[in-house]
Amino acid sequence: MNNEKVLVETRNLKKHFLVSRGLSKKSFKYLKAVDDISIQIHEGEIFGLVGESGCGKSTFGRTILRLHPITAGEVYYDGQAIHDCSKVQMREYRKKMQMVFQDPYASLNPRMTIYESVKAPLDVFNTGSKEERNRKVREMMDYVGLSSGQGLKYPHEMSGGQRQRAVIARTLILEPQFIVCDEPVSALDVSIRSQVLNLMKKMQRELNLSYLFISHDLSVVRYLCNTVAVMYLGQIVEIADKTNLFEDPRHPYTKALLSAIPIPDARVKRNRIILEGDVPSPLNPPSGCRFHNRCPYATEQCSMEMPKLRTINDYHQVACHLE
Ligand code: SF4
1404 MNNEKVLVET RNLKKHFLVS RGLSKKSFKY LKAVDDISIQ IHEGEIFGLV
1454 GESGCGKSTF GRTILRLHPI TAGEVYYDGQ AIHDCSKVQM REYRKKMQMV
1504 FQDPYASLNP RMTIYESVKA PLDVFNTGSK EERNRKVREM MDYVGLSSGQ
1554 GLKYPHEMSG GQRQRAVIAR TLILEPQFIV CDEPVSALDV SIRSQVLNLM
1604 KKMQRELNLS YLFISHDLSV VRYLCNTVAV MYLGQIVEIA DKTNLFEDPR
1654 HPYTKALLSA IPIPDARVKR NRIILEGDVP SPLNPPSGCR FHNRCPYATE
1704 QCSMEMPKLR TINDYHQVAC HLE
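The number in this note's numbering is simply the position in the sequence shown, starting from 1, with 1403 added.
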């Protein structure tokens, strides 16, 4: 059990997108990207969120930061409800809650130098004097491993790794406490991924940051995260501390995901679990357990009754009728 203070909490959070009104404009269809998610992220914790593409991970991260309007449910930051606060109130929380996106090139303004991009949040929030802002930008660029000469460049003149360092410097400049990291290294060359991951780990440790770290790469999550949640079709199916999740996965979907991680030692054989069937559409999710049409252990009960996320020990929660 984590005894640190809860920094970010969601309670029954939902984000549904209206995608069709039908020809009569009377029938509504909703894409249930995030459907009833309750989690707690503690101070100084790296909370990993994994799952297949399209399962709603990124939407969940954006909804916490209110980059998407919330359909239902609650979000708390440091004990304060932020799900219903005004845009003006939310502006203050934006300093404390930041996001690093997958594609650093798309995150940076191509017409601004790196220096200008890193400084932009200080200008927007009118923080400090001109000298203080310039000093802070220099310090932050130095912290993430960028030279002052690189500050004069434009995004297209830098490598992917340097661009992501610039994005990280811009993210840190307002001294946030919580960062949603949405696949922050998946667009980078393999050779520089570990450098950026090490930088993120160092930042977390030295600045006591909390991350929601979204990734489809379980090796990266295993390296970086303390706690891991597994998401399937808009819902959390398992949450555990890293050791429990990787050593003793309980949900059949988690077991299948883990069985696909490559083992560096060619002499060690792992039984790969191949899931049958396609991922169902979140527009029309299956009844009962949303995984039942792909689960090798599904029973009649599974297609009728949705399993609740149950606590099986201090470090582990799972949503499966078999547990
Ligand atoms: Fe499989 Fe049933 Fe468990 Fe869902 S509830 S994961 S279908 S055994």
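By construction, the Cβ of each residue, glycine as well, lies at the ideal position given by its N, Cα and C atoms.
- The Cβ atoms of K1499 and Q1580 sit closer than 8 Å to each other.
- Those residues whose C-beta sits under 5 Å from the nearest heavy atom of ligand 1 are, from N- to C-terminal order along the chain, P1655, C1692, F1694, H1695, C1698, Y1700, A1701, C1705, P1710, C1723, H1724 and L1725.
- In the three-state reduction of the DSSP assignment, E1519 falls in the helix class, which pools H, G and I.
- In this structure, DSSP gives F1463 a helical state, which the three-state scheme calls helix.
- Between K1460 and the set L1686, Y1496, I1639 and Q1598, the nearest pair of CA atoms involves I1639.
- The beta-carbon separation of V1570 and S1510, rounded to 5 Å, stays under the 8 Å limit for a contact.
- In the three-state DSSP reduction, L1434 falls in the strand class (E or B).
- Measuring C-alpha to C-alpha distances from P1683 to each of A1475, M1709, R1497 and C1458 identifies C1458 as the nearest.
- Per DSSP, the continuous beta strand (DSSP E) segment holding D1585 begins and ends at F1581 to D1585.
- About 13 Å separates the beta carbons of Y1557 and P1507, which is beyond the 8 Å limit, so they are not a contact pair.
- For Y1508, the enclosing alpha helix (DSSP H) has its first and last residue at P1507 to S1510.
- Look at S1551 here: in three-state DSSP terms it is helix.
- Annotation for L1725: Y1700 place their beta carbon closer than 7 Å to its own, counting only its chain and skipping 5 residues before and after.
- Check the Cα spacing between I1485 and each of V1411, K1418, D1439 and K1417: the tightest is with V1411.
- With 16 or more other Cβ atoms from the protein chains shown falling within 10 Å of its own Cβ, T1413 counts as buried.
- For R1497 and H1419, the gap between their C-alpha atoms comes out near 23 Å.
- Restricting attention to L1678, P1652, P1685 and M1603, the CA atom closest to the CA of G1447 is found in M1603.
- Across the structure, M1543 and E1609 are spaced so that their CA atoms are roughly 13 Å apart.
- In this structure D1438 is buried. Its beta-carbon is surrounded by 16 or more other beta-carbon atoms within 10 angstroms.
- Excluding its 5 nearest sequence neighbours in each direction, H1719 has C-beta neighbours in its own chain below 6 Å: A1643 and N1647, listed in chain order.
- With contacts defined by Cβ atoms closer than 8 Å, S1551 and R1566 do not form a contacting pair.
- Here D1487 is exposed, its C-beta having fewer than 16 other C-beta atoms within 10 Å.
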